[in-house]
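The structure appears below as structure tokens.
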Amino acid sequence: PYDTLKLATLASGLSAGTPYFVARDIPCEMCEDIPCAKVCPSGALNKDIASIDDSRMGLAVLLDQENCLNFQGLRCDVCYRECPKIDEAITLELDRNMRTGKHARFLPTVHSDACTGCGKCEKVCVLEQPAIKVLPLSLAKGELGHHYRFGWLEGKDGKS
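In full-length UniProt numbering, the protein residues as written are 1 to 160.
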């Protein structure tokens, strides 16, 4: 209903017909009834998802700490305030100046287990080029090798 999703064409670099969105232009509105999945012509969107909060469209990553206003010592909490999962997906972590004991920074931190990848943080970033961007999960997160075993995990034979 918000014209967020587009279908990839042969020229777009994605597999033709794949739904995608450009967060800086039109982020996902996180509709509770998830109308996009119900009408998706390609079947690429999960129709069985119970809550939009469980969706994983990508992952927000703070790519540019050098230009993020919070890392410059200025107070900006726009990405934090706009996040539909405030205090879950993005938190502001206190970073005190240990030398002076007087100044502090509040640094935005993305929590991958809660971030839906809706893109609202990227859309509202006040910088000309956003410091925070939504990336595909395959780019944003590493993957632990399947050969690792964890002796402290019960019932899974040490597999994660």
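Each residue gets a CB set at the ideal place from its N, CA and C atoms; glycine is no exception.
Check	Outcome
Can you pull the DSSP bridge partners for E93?	L107
Taking a contact to mean a Cβ-Cβ separation below 7 Å, would you say L5 touches P27 in this structure?	no
Would you mind sorting residue 188 into buried or exposed? The rule is 16 or more other CB atoms within 10 Å of its CB.	The shown model of the chain, from 1 to 160, leaves out residue 188, and the question about it has no answer.
State whether the segment 58-65 contacts the segment 108-116, with contact taken as three or more CB pairs (one from each stretch) at a distance under 8 Å.	yes
Is it the case that the segment 146-154 contacts the segment 87-102, given that we only count it when at least three CB pairs across the two stretches are under 8 Å?	no
Would G117 be called buried (16 or more neighbouring beta carbons within 10 Å of its own) or exposed?	buried
Would you mind working out which of G73, A16, E88, C68 sits nearest P41, comparing C-alpha positions?	A16
Work out the CA separation of A114 and I132 for me, nearest whole Å.	16 Å
Once the 5 residues before and after Q65 are set aside, which same chain residues still bring their CB inside 6 Å of it?	F71
If you measure between the beta carbons of V124 and E82, is that distance less than 7 Å?	yes
Could you give the residue range of the beta strand (DSSP E) that holds K120?	Careful: K120 lies outside any beta strand (DSSP E), inside the alpha helix (DSSP H) at 120-124.
Does DSSP put L153 in a helix, in a strand, or in coil?	coil
Spatial neighbours of D54 within its chain, please: CB distance less than 7 Å, with the 5 preceding and 5 following residues excluded, ordered by chain position.	none
Pull up the CB-CB distance for L127 and N67, whole angstroms please, since I reckon it's below 8 Å.	6 Å
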